[in-house]
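Q:
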Amino acid sequence: AIMPGTPHFLVVDDERQIRRAVAHVLEPLGGTVREAESGREALTMAAAEPPTLVVLDLGLPDMDGTEVCRELRTWSDAPVLILTARHDDQATIAALDAGADDYVTKPFSPPALQARIRALLRRAQRSARRRDLQCDPRPNPDLERHRMAEVIREGPGAAQGCARSRRRGSGRDGGLRNRAVRLGRPLR
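Using the working numbering, read the sequence shown as starting at 1327 and increasing by one per residue.
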C-alpha cells in the first residue's frame, strides 16, 4: 500500500528500457514508481492505487495511449505527461484534447523531463491545496482575503460572475462573489 502524501508514479510504456529510464528520472523525486507495459494494465493499476502522476506512451500494444488518457480522465485528476516517439501535431493535439497535461517526444532529455514532472506536481499540489481549503467549513480569514483578491483581479466581468454564482448558489468560490457584490463597491 502507498503511504498518504508519498508521490506514486505510474510509468506506462511497452519498452522496458524506456520504463527503466523514466523510473531513474523519477527516483530523486521520492515516492514509488510502478510500471505498466499496456493500456489495460495501466488502467487496472491506476484504479487499484491512484497515481500522483502518470507518464504515458501513446504507442501501446493493446490500445492507443490517447484512449488510456481519455479513460483516466473520467475518474482521475492525476497529471498525465505523454512521452512518445510521435512528433506530429495531430498526435499532440489529440493527446492534449484527451486530457494530457504535457507532451514530450522521444528521445528525451532526462533533466528536462524531470523539470516538467516537477512543474506538473507543483501545479497538482496547488490545486489539491485549493480544493482542501475550499472544502474546509471553518472560517479562514486568509482564504477569504485570497478569494477577494481573485475577484478583484477578474475585473469588470466579476460582477457578471456574481450574478451567475447567486443563481447557482455559492459555487466554487464559497459564496465570496455574493458577499463582494453586496459591498456595493466597484471591483477594480
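Virtual Cβ for every residue (Gly too), placed ideally from N, Cα, C. Predicted, not measured: the structure shown is a model, and the values here were computed from it.
(1) Rounded to the nearest angstrom, how far is the Cβ of Leu1384 from that of Arg1412, given a contact under 8 Å?
(2) Can you tell which of Glu1341, Thr1370, Val1430 has the C-alpha that lies nearest to the C-alpha of Glu1397?
(3) Distance check for Gly1357 and Leu1382, CA to CA, integer angstroms please.
(4) Using a C-beta cutoff of 8 Å, does Glu1375 count as contacting chain B?
(5) Pull up the DSSP beta-bridge partners for Thr1410, would you.
(6) Got a sec? Which residues, its chain only, sit under 7 Å from Leu1336 by beta carbon, not counting five neighbours each side?
(7) For Thr1392, count the other beta carbons within 10 Å of its own beta carbon; 16 or more makes it buried, fewer makes it exposed. Which is it?
(8) Leaving aside the five residues before and after Arg1493 along the sequence, list all residues of the same chain whose C-beta is less than 7 Å from its C-beta, in chain order.
(9) Near Thr1431, what residues of its chain come up, given a Cβ to Cβ distance below 6 Å and the 5 sequence neighbours on each side ignored?
(10) Evaluate Ala1454 with the Cβ neighbour count: other Cβ atoms within 10 Å of its Cβ, from every protein chain shown; 16 or more gives buried, anything less gives exposed.
(11) Sorted by chain position, which residues of the same chain lie with C-beta nearer than 6 Å to Gln1343's C-beta, five sequence neighbours on each side aside?
(12) Sort His1350, Asp1339, Val1338 by Cα distance to Pro1436 and report the nearest one.
(13) For Met1329, name the three-state secondary structure that DSSP assigns.
(14) Output the distance between the C-alpha atoms of Pro1333 and Asp1415, rounded to the nearest integer angstrom.
(15) Which same chain residues end up closer than 6 Å to Ala1426 when comparing Cβ atoms and leaving out the 5 residues on each side of it in sequence?
(16) Within 10 angstroms of the Cβ of Gly1331, are there 16 or more other Cβ atoms? Answer buried if so, exposed if not.
(17) For Gly1365, which residues from the same chain have a beta carbon less than 6 Å from its beta carbon, with the 5 sequence-adjacent residues on both sides left out?
A: Let me spell this out:
(1) 5 Å
(2) Thr1370
(3) 18 Å
(4) Absent from the structure is chain B; it holds one protein chain and no more.
(5) Thr1431
(6) Arg1360, Ala1362, Ala1368, Met1371, Ala1372, Pro1377, Val1380
(7) buried
(8) For Arg1493, the pLDDT reaches just 36, beneath the cut-off of 50, and the residue's location in the model is therefore unreliable, leaving the point undetermined.
(9) His1413
(10) exposed
(11) none
(12) His1350
(13) Because Met1329 sits at a pLDDT of 47, beneath the cut-off of 50, its placement in the model cannot be relied upon, and the point is left open.
(14) 31 Å
(15) Cys1395, Val1406, Ile1408
(16) exposed
(17) Leu1386, Asp1388, Met1389, Val1394
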